[in-house]
Every structure is written in structure tokens, then in C-alpha cells.
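In our numbering, the protein residues as written are 2 to 376.
Where a beta carbon is used, it is the ideal one built from N, C-alpha and C, also for glycine.
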């Protein structure tokens, strides 16, 4: 895994960042983002340890994946917490609820000291019975979903490759890796954004059979003088294009039946290269992939309303954004630091914020509730 240099970091590197909670500096200037006016959001609860994922229930409760603690927590409408599941040996990621069941992802193998890859969907029934479905590591090991995809520099000038740092190849193919991260559950299918495999995977809710639905295309970046200098790269790469891995972080089913996926670009795990995140949509029937919006700062969570408006948690940006799916225009609906995930239930928006602790601060992640009718 190519983790030694910030510029060509692979999907696994970004997944490691998401799993370990590295803090980052303030975001640089990016696309103009307007602000919507709503009543002040209401804090539902605090003191959470790395709340990277949230799902909302009909009863006003939310389910939070406290990813840094390997814990799944239910928070009722009064802010009271109940631990549903805890296993420090596993990374607990995206969760969803349907028909009285709670679904969430857990995996192993991502981190600074990788273990053997493992990952599945765990289901907790309303009577407390637990079971698992799917085997993401087996699927990725067998297929290496992006193994035919080339990442790296395009058309380097003659002799430039020899000037690259020794730990930086001019190009490489996707490697075997898996980190199931975002989840969306329908009646027959569970859709998963695999941040290690750079793919969207489906799991049959009856048989547990897994299938690669789509692989996200590389994200091109034209290297500037400043980017080259800050990454210790030779002058000959300035002006060339580098194809980064597109790292899926969340998946949601839109009102049009397409799957919508937020994506981080591989590379520096801070905003040093600007707002390079994107949203794709995938036709689950024929695996067609289209770019919906880009120039988004670190999009890590996604929800859609019935009109198809996109609500995005921008981890290193200004908070939760509303993005017009047609124009790509961005509006801040909830200003907050380290917004990791978002969900909608009726007119209420729920978001996990302060999800990454500061350099010297103890974890104090929060769930915020915003009434969208006030906008």
C-alpha cells in the first residue's frame, strides 16, 4: 500500500484517515458557498467518540456509529443513550434502519497496522437477535474491483519519472483492499460504499450474495507549482495531470432509483489541494456511472430529500451543505466543524458534528437536529 507520500495516497490511506480521526487545518478558499437561514440547530446529545455515521428513526431517535470506539449507540429523542453493540476489535461504520431492524457495517484490516481483511453487514433484529450478511473481503480478494484501473501521472515528460521520489511510482493499478464504509438498505438489497475497493457493492438481503455494482472512475488533478513544492515533487510534474483514486464514503438511494455516492479524492488527507470531492450517481440496473457535482470539500455523508436535493456533510468544510443536483450550487444549511454524516427524517435534518477531536482535546462528538421548515 502506498502510504508514504501524501500526493499519491491510495483509497486505503484515506480509509485509514477516516478510521483514526486525524485532525486537519482550516479549509482553503474554494468555490463560493452561500448560507441558508434557519433557526438555530438543537444539540441532541454529546460526548460521542468519533461519530462518523448516523441514521434517523421515525420515533425521533438516531443511531450513531461511534467508530473510534467500535460501538453502535441509540440516542432517543430526549438525548438518552443506549449501547446496541460494542466490539473494539472491529471498525464500526455506516448504519441504517428498516422494518425494525438495525443494519451496520463492521470490518478489519484498515489502519496503520493492517490485520487480515474482513468485513460484513451485521443485523440486529428487534428482538435483539444478531446475524451477519455478505463478505466484502472475499469479494474484493477474488475480483480486485479496480485492478484494471490505472492511477497516477498522465504523460510525464521524458526523463521525469526518474526524478520522482523513490517511493512514488509514475502509475499503478488498483490494489486488493476493502473498507465497507457507507450503507443504504432497501427491501431486497443492501448497498455499500467500499472505501478500500473504490466500489459500490450490493448484498442480497435474503442470500447474502455480494456483487460489485460499479467502480468509481479516477479523479484527475492538474498539479500546480505549489502542490509540487509542498509534496517534494520535481518541477517537471507541474502542469501534468494526476489521476487520484475516487474513494466512496456514503451511498443513498435517490427518488429516481439511482444510487448517489459521495467520494473523496485520494491524496492528502487535509484540504491542501482544495475542494476536490465529488458526488456520483450509479444506475443499479446497468451499472452506469455519472458525475453529479464536484468541487466539494471532503464529502463524507449524504442524504436526499424527495425532490432530489442533496444534503452533504463536509468534514473539513463549513458543515452540512445543500447541493442542487442540476446546477451543483452549494448552500450551507448547518454551519459546524468536522461534520461527518447527515440524515433526513421528514422536515428534520440530523448531523454528527465535531466528529474528530482536536489535537489536545478529548472526544466530544455531537448530534445536531435542524428543522428545515424554518428555512
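Point to revise | N-terminal and C-terminal residue of the beta strand (DSSP E) that residue 53 is part of | key: Counting along the chain, the beta strand (DSSP E) containing residue 53 begins and ends at 52-57.
Check your understanding: Is the stretch 294-308 touching the stretch 321-333 in the sense that three or more CB pairs, one from each, lie closer than 8 Å?
Key -> In short, these stretches touch, since the Cβ pair count reaches three.
Point to revise | Closer than 7 Å: residue 135 CB and nearest the ligand COA heavy atom | key: As for the ligand COA, it is missing from this structure, which has no ligand bound.
Practice item. Could you please give the first and the last residue of the uninterrupted alpha helix (DSSP H) stretch that includes residue 226? Key: Residue 226 -> alpha helix (DSSP H) spans 226-231.
Check your understanding: Where residue 144 and residue 38 are concerned, what is the direct C-alpha to C-alpha distance, given to the nearest angstrom?
Key -> Approximately 47 Å between the Cα atoms of the pair.
Check your understanding: DSSP state of residue 319, grouped into three classes?
Key -> Three-state DSSP puts residue 319 in coil, outside helix and strand.
**Study point:** Coil, strand or helix - residue 139 by DSSP
**Key:** For residue 139, the three-state secondary structure derived from DSSP is helix.
Point to revise | Integer-rounded CB distance, given that residue 69 should sit under 8 Å from residue 360 | key: Not a contact, Cβ separation roughly 15 Å.
Review point. Quick one: Cα of residue 52 to Cα of residue 369, how far?
Key: For the pair residue 52 and residue 369, the Cα-to-Cα distance works out to about 12 Å.
Review point. On the three-state DSSP scale, how would you describe residue 174?
Key: Strand.
Practice item. Note down, one range per segment and in chain order, each beta strand (DSSP E) of at least 3 residues found wholly within the stretch 304-351. Key: As far as the stretch 304-351 is concerned, its whole beta strand (DSSP E) runs of at least 3 residues are 311-315, 320-324, 331-336, 342-346.
Check your understanding: I think residue 192 touches residue 122, with their Cβ atoms under 8 Å apart; what is that distance to the nearest whole Å?
Key -> The distance from the Cβ of residue 192 to that of residue 122 is about 11 Å, inconsistent with a contact at the 8 Å cut-off.
Review point. Who are the near neighbours of residue 212 in its chain, counting only those whose CB is closer than 6 Å to its CB and skipping five residues on each side?
Key: Excluding positions up to five away in sequence, the list reads 203.
Check your understanding: Would DSSP call residue 134 helix, strand or coil?
Key -> Three-state DSSP puts residue 134 in a strand.
Point to revise | Residues near residue 96 in its chain [Cβ-Cβ closer than 6 Å; skip 5 each side] | key: The beta carbon of residue 96 lies closer than 6 Å to those of 54, 56, 64, 66, 105 in the same chain, with the five residues before and after it left out.
Check your understanding: What's the C-alpha gap between residue 50 and residue 187?
Key -> C-alpha separation (whole angstroms): 28 Å.
Exercise for review: Would you mind working out which of 130, 135, 90 sits nearest residue 117, comparing C-alpha positions?
Suggested key: If we check each option's Cα against that of residue 117, 90 comes out closest.
Review point. Considering residue 369, what are the terminal residues of the beta strand (DSSP E) in which it resides?
Key: For residue 369, the enclosing beta strand (DSSP E) covers residues 366-372.
Exercise for review: Report all residues from its chain with a CB closer than 6 Å to the CB of residue 120; omit the five preceding and five following residues, and keep chain order.
Suggested key: Once the five neighbours on either side are set aside, the close Cβ partners of residue 120 are 108, 137, 138, 179, 181.
Check your understanding: Is DSSP giving residue 108 helix, strand or coil here?
Key -> In the three-state DSSP reduction, residue 108 falls in the strand class (E or B).
Check your understanding: How about residue 248 and residue 185: do their beta carbons lie closer than 8 Å?
Key -> No, the Cβ-Cβ distance between residue 248 and residue 185 is not below 8 Å.
Practice item. Sort 78, 74, 160 by Cα distance to residue 86 and report the nearest one. Key: Selection 78, 74, 160 evaluated against residue 86 yields 74 as nearest (Cα-Cα).
Check your understanding: By Cβ distance below 7 Å, which residues in the same chain neighbour residue 80 in space, the five residues on each side in sequence not counted?
Key -> Short of 7 Å from the beta carbon of residue 80, and not among the five residues preceding or following it, lie these beta carbons of its own chain, in chain order: 45, 46.
Practice item. Within its chain, find whatever has a CB closer than 8 Å to the CB of residue 237; leave out the 5 residues flanking it on each side and keep chain order. Key: Answer for residue 237: 157, 158, 160, 161, 164, listed in chain order.
**Study point:** Cβ neighbours of residue 274 in the same chain (closer than 7 Å, five flanking residues each side left out)
**Key:** Taken in chain order, the residues that qualify are 222, 228, 268.
Check your understanding: Per DSSP, what kind of secondary structure is residue 216 in: helix, strand or coil?
Key -> In the three-state reduction of the DSSP assignment, residue 216 falls in the strand class.
Exercise for review: Could you tell me which of 305, 150, 287 sits nearest to residue 345, measuring between CA atoms?
Suggested key: Closest by alpha carbon: 305.
Exercise for review: Please state if the CB of residue 326 and the CB of residue 342 are separated by a distance shorter than 8 Å.
Suggested key: Contact flag unset, no.
Practice item. Following the continuous beta strand (DSSP E) through residue 45, name the residue where it begins and the one where it ends. Key: Residues 43-49.
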